[in-house]
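Protein sequence lines, in the order shown, are assigned to chains Z and H. For the first sequence, our numbering begins at 9 and goes up steadily by one. For the second sequence, our numbering begins at 3 and goes up steadily by one. Don't be surprised by glycine CBs; every beta carbon is placed ideally from N, CA and C. These notes concern the structure reproduced below.
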Amino acid sequence: MSHVNIGSSPFIAKLQRNGFILTALGALGMAAVYFTGGEHGLERLMADYLIGFWLITGISVTMMFFSALQYLARAGWSSSIRRIAENFTGFVPFILVAAIPIILNMFSHHHSIYEWTHESAATDPIIMKKAAYLNETFFIVRLAIYGLLWFGMLRFVVGNSLKQDASADDITPTRRNWKRAAPWVLVYALTITFCSFDLLMSLEPHWFSTIWGVYAFAGNFVSALAIITLMTIALRKSGHLAKYVTDEHYHDLGKLMFAFSVFWAYIAFSQYFIIWYANLPEETIYFTFRTANGWQWFGIVLVLLHFIMPFALLLRQDVKRKITMLKTAAYVILLSHFIDVIWIVMPAISKVIKHDGILFGWQEFTGVMFFAGVFCILTARNYMKRSAVAVNDPLVHEALEYTS
Amino acid sequence: MSNTPVGVVGEFTDPNVITHAASKIAHAGYTKWDIHTPYPVHGLDKAMGVKRSIITYISFAGLCGGLSTALGLQYWTGAVDYPLNIGGKGFFDWQFSIPIDFELSILGTAIFTVFGLFHLCRLPTWYNKYQNDASFAKATDDTFVVTIDADDDRFSAEGAQQLLRSLGAENVHLVTAE
C-alpha cells in the first residue's frame with residue numbers, strides 16, 4: 009500500500025502554525041512570570057517550566073510506550089493508528105536539552121525549587137539521610153540516563169516501525185520490535201518511575217510514596233490516550249485516514265480511556281487511603297498541606313474531572329462511537345491531568361517560597377503553553393517527514409476489518 | 003398429536019451466507035426463529051435484528067444493591083449498633099468505606115450479571131424442541147442451523163421451507179412432534 013503523506017495538508021500546516029503561536033506566547037508569558045514575580049520570580053518561573061516540561065516529557069515518552077505495548081501484544085487492531093502515537097514522540101530527542109534550565113536552577117541555591125538543594129538541607133535530619141540519592145551530581149547523572157535510554161527507545165521501537173515503511177515483503181524490522189518490545193517496556197516502567205521520583209516527588213523531600221511511579225504512569229498514559237484519540241478523530245475528519253480508521257478504533261480508544269481514568273482513580277485513592285489510614289506524620293504532610301488552605305479544591309476538582317466525569321461520559325457502549333462525547337472526555341482528561349500536575353508542584357513551591365494560600369494564576373499556563381507549542385511543532389515536523397500510517401505493518405489488514 | 007409441526011430447520015455452512023440469510027429472514031417478518039452456531043459470529047445479532055440486551059440495566063441494579071448494602075452495613079454496624087473508636091478515625095468515614103463500597107459494588111454487579119444472563123439465556127434449559135433432530139446436533143460441530151418455529155404468526159410449513167431454500171440452506175426439512 010502506498011504511504012499516507014499528509015505533511016503538506018492544511019491540517020498539519022495549521023498544527024505547525026498554532027505550535028509556533030503557542031510557543032511564542034508561552035515564552036513571552038514565562039518572561040512575564042519572571043519579571044512580575046518580584047522576589048520569587050525565578051522560583052515561579054521554574055515551577056511553571058517544570059509543569060510544562062513534565063507534562064510534555066511524560067506524554068512523549070508514554071507515546072513510545074504505547075507503540076512498544078502494541079508490538080509486545082502483537083496487536084492488530086492498533087496497527088493502523090500506532091503511527092499517530094509514534095509521530096507524537098518528536099520531543100524525545102530534546103528532553104535533555106529542555107532539562108538544562110531545571111539543572112541550572114538547582115545551583116542557584118537561594119532560588120532553587122528543590123528544597124534538598126538549599127543550604128538548610130545540609131542540616132535537615134531527614135534530607136541528610138537521603139543525601140546519597142538526592143544530590144545534584146547523581147540527579148544530573150540520572151536525568152542523563154533517562155534521556156539516553158529514551159533516545160535509545162525512540163531509535164529502536166519507533167525506528168523499526170519507520171523502517172518497516174520501506175518494504176511490505178520484508179518484515180524484519182517488525183519482527184525485531186516484536187522480539188525486543190518487552191525489555192523496552194521494562195525500561196519505560198523504570199525510567200518513568202524514577203524520573204517522576206526525581207522531578208516531582210523530590211519537590212517534597214521529607215515525604216515519600218512508593219506508589220508514586222504508578223500514579224505518574226497512570227496520569228501520563230490516560231493523557232497520551234486522550235491525545236491519540238483527539239488526533240485520530242481530527243485526521244479522520246479531515247479525510248486523511250478514511251481508509252484506515254473505523255468506528256471500531258474509536259470504540260477501543262474510548263474503552264482504553266475509560267479503563268485508565270478508572271485506573272488513575274484506583275491508584276490515586278490507594279495512595280491517599282494508605283497514608284490517611286496509617287496517619288504517620290512523615291507521610292501525611294503531603295496530603296494535610298494539599299487538603300487545606302484552598303488546595304483542597306484542586307483535589308475535589310480532580311476527583312470530579314479525572315475520574316467521575318470520564319467515567320460517566322464513557323460508561324455507555326454507544327457513546328464510545330460518538331465523536332462529540334469522545335472528544336469531550338479526552339479534553340476533560342487532559343485538563344484534569346494538567347490540574348493534577350499543578351496540584352503536585354505548586355503546593356510544594358508555595359512551601360519553598362513561604363507563600364500562604366493558593367499559589368495559582370495565569371502564570372501556571374505559560375510553561376505548559378510553551379511546551380505544548382514545541383510538542384505541536386515537532387509533531388507537525390514528523391508528519392512532514394513520514395507516512396501518517398504504518399502502511400506496511402504486517403498486521404494492518406487486521407485493523408481494517410476487525411470488530412471491537 | 004403425532005404430526006404437529008414444531009418448526010422448519012435448515013443448514014448453512016458459510017458464515018457470510020448465514021449473516022445475509024439472517025437479515026432476509028428478519029425482513030420477511032419472522033419473530034420466533036433462531037440460529038444455532040458452533041461459535042460466535044460477529045454481526046449476526048445485528049443482522050437478525052436482535053434488540054440490545056437489557057443485561058446492562060440488570061447489572062446496574064446489582065451495582066446499586068451492592069453499593070447500598072456496603073454503605074448501610076458499614077454505617078449501621080460502625081456508627082449505630084456498635085460504635086468503636088479505632089485509631090481515632092470517625093465511626094463512619096468515607097475514606098475507609100471506599101474499599102468495601104468498591105468490592106461489594108463489583109460483587110453485586112457480577113452476581114446480577116451472571117444470574118441475569120442465565121435468566122435471559124433461559125438457562126438452565128433441560129429440553130429443546132429440536133433436540134432430537136439430526137441437523138440440530140450439527141450446530142455443535144460445523145454447521146449453522148436456522149430454526150423457524152411453528153408458533154410464529156407467519157409460519158407456514160411450505161413458506162418457511164421455501165424461504166430457507168431460496169437463501170441457500172441445505173437439508174431443509176419440517177420437524178414434527180412425535
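The beta-carbon distance between H38 of chain H and V116 of chain H, rounded to whole angstroms, is 22 Å. This is too long to meet the 8 Å contact definition. In chain order, T70, F268 place their CB closer than 6 Å to the CB of F229 of chain Z, counting only its own chain and leaving out the 5 sequence neighbours on each side.
Distances from the alpha-carbon of A81 of chain Z to those of Z:T182, Z:F202, Z:A129 put Z:T182 closest. Taking a 10 Å sphere around the C-beta of Q279 of chain Z, we find 16 or more other C-beta atoms and assign the residue as buried.
Membership of E406 of chain Z in the alpha helix (DSSP H) is indicated by the continuous run 404–409. Less than 8 Å divides the Cβ of S88 of chain Z from the Cβ of V253 of chain Z. Residue pairing by DSSP leaves P191 of chain Z without any beta bridge partner. Put simply, the CB of F277 of chain Z is near chain H, with a gap under 8 Å to one of its CB atoms.
A distance of 8 Å or more separates the beta carbons of S120 of chain Z and E94 of chain Z. With distances taken between CA atoms, V222 of chain Z lies nearest to Z:L198 out of Z:L198, Z:L243, Z:K245, Z:G60.
For T149 of chain H, there is no enclosing alpha helix (DSSP H); the enclosing beta strand (DSSP E) covers residues 146–151. Within the region 258–287 of chain Z, the residues whose Cβ lies closer than 8 Å to some Cβ of chain H are F277, Y280, F281, W284, Y285, N287, listed in chain order. In the three-state DSSP reduction, V340 of chain Z falls in the helix class (H, G or I). In the structure shown, L264 of chain Z falls within a helical segment according to DSSP collapsed to helix, strand and coil.
Among the residues of chain Z, those whose CB is under 9 Å from the CB of F98 of chain H are F281, W284, Y285, following chain order. A direct Cα-to-Cα measurement between I150 of chain H and R124 of chain H gives close to 18 Å. In the three-state reduction of the DSSP assignment, G12 of chain H falls in the strand class, which pools E and B. Counting only the Cα atoms, T296 of chain Z lies some 25 Å from A139 of chain Z.
Per DSSP, the unbroken alpha helix (DSSP H) holding E144 of chain Z starts and ends at 144–161. Runs of the alpha helix (DSSP H) lying entirely within the region 15–48 of chain H, each at least 4 residues long, are 17–29 in chain order. In the displayed model, E47 of chain Z falls within a helix according to three-state DSSP.
The Cβ atoms of V43 of chain H and T21 of chain H sit closer than 8 Å to each other. For the region 32–54 of chain H, the set of residues with a beta-carbon nearer than 8 Å to any beta-carbon of chain Z comprises H44, G45, in chain order. Check the Cα spacing between W220 of chain Z and each of Z:F266, Z:K263, Z:I200: the tightest is with Z:I200. Under the three-state reduction of DSSP, P7 of chain H is assigned to strand. Using a CB distance below 9 Å, the part of the region 88–117 of chain H facing chain Z consists of G89, G90, K91, D95, Q97, F98, I100, P101, F104, ordered along the chain. In chain order, F306, V309, L310, L313, H314 place their CB closer than 8 Å to the CB of I347 of chain Z, counting only its own chain and leaving out the 5 sequence neighbours on each side.
For H175 of chain H, the secondary structure class from DSSP, reduced to helix, strand or coil, is strand. Using a Cβ distance threshold of 8 Å, I366 of chain Z and N301 of chain Z count as a contacting pair. For T292 of chain Z, the closest Cβ of chain H is not nearer than 8 Å. Between the alpha carbons of N185 of chain Z and S169 of chain Z lies a gap of roughly 8 Å. Proximity of the region 150–167 of chain Z to the region 56–72 of chain Z meets the contact definition, three or more beta-carbon pairs being nearer than 8 Å.
Minimum Cα-Cα distance from A396 of chain Z among the listed residues Z:R244, Z:L207, Z:R25, Z:T145 corresponds to Z:R244. From the beta-carbon of T411 of chain Z, the residues of chain H found nearer than 8 Å are H44, G45. Non-local beta-carbon contacts of I275 of chain Z in its own chain, meaning distances under 7 Å to residues more than five positions away in sequence, involve I219, V222, Y223, A226 in chain order. Collapsing the DSSP output to three states places C384 of chain Z in a helix.
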